[in-house]
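These notes concern the structure reproduced below.
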Amino acid sequence: MSEQEAKKAEEKTILLVDDDNEIVETMRFALESKGYRVLVARDGNQGLALAERDDPDLIVLDMMMPKRSGFLVLEKLRQTHKIPTKVIMVTGNEGNRHKAYAEMLGVDDYIRKPFPMDRLLGAVQKLIG
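With UniProt numbering applied, the sequence shown has no gaps in its numbers, which climb one by one up to 129 at the end.
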């Protein structure tokens, strides 16, 4: 990555909303190594609060979480943000119904766990540079 690319990425904030510590730390490490600023929420309510407070450029949102599911977080974000925040939904769920619903709510990408980190990094690069 060139110095210019790193500087551009540095200005971008990504919010990770997932209750799986191992996955969060792996994603955080990969994203920070590319120069992104990373915020972490461990459940849907915390994710919503951080999204409201910090207005991240991108949210990586787990579907199944305690307190508030990724779907409920996404529904609320879509109601409250005039300009929709970019969202990548990650899930261990195999069902196509869930994917269709996520797409109806306007997710920008949908990634099934487990996934190679390059898949996530490619999606992030495509959505926010």
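Glycine residues also receive a C-beta, built at the ideal position from the N, C-alpha and C atoms. Just so we're clear, the structure is a prediction, and the values are computed from it rather than from any experiment.
Which residue or residues does DSSP assign as beta-bridge partners of residue i?
i       : result
Ala-41  : Val-17
Tyr-110 : Met-89
Starting from residue i, trace the alpha helix (DSSP H) in both directions and tell me its first and last residue.
i       : result
Ile-118 : The sequence given here has Asp at residue 118, not Ile. First-last of the alpha helix (DSSP H) with Asp-118: 117-128.
Glu-103 : 96-104
Give me, in chain order, the residues of the same chain whose beta-carbon lies closer than 8 angstroms to that of residue i; leave out the 5 immediate sequence neighbours on both sides.
i       : result
Tyr-101 : Phe-71
Lys-113 : Ile-23, Val-90, Thr-91, Gly-92
Lys-99  : Tyr-110
Can you list, in chain order, the residues of its chain whose CB lies under 6 angstroms from that of residue i, leaving out five sequence neighbours each side?
i       : result
Asp-109 : Ile-88, Ala-123
Gly-47  : Val-17, Ala-41, Val-73
For residue i, which residues in the same chain have their Cβ closer than 7 angstroms to its Cβ, ignoring the five residues on either side in sequence?
i       : result
Asp-19  : Arg-42, Asp-43, Asp-62, Met-65, Pro-66
Ser-69  : Gly-44, Met-63
Arg-119 : Ile-111
Q: Return the chain-ordered ranges of every beta strand (DSSP E) run that is complete within the segment 56-94 and spans a minimum of 3 residues.
A: 58-62, 86-91
Q: Spell out a yes or no on whether the segment 29-43 and the segment 64-76 are touching, meaning 3 or more CB-CB pairs, one atom from each, closer than 8 angstroms.
A: yes
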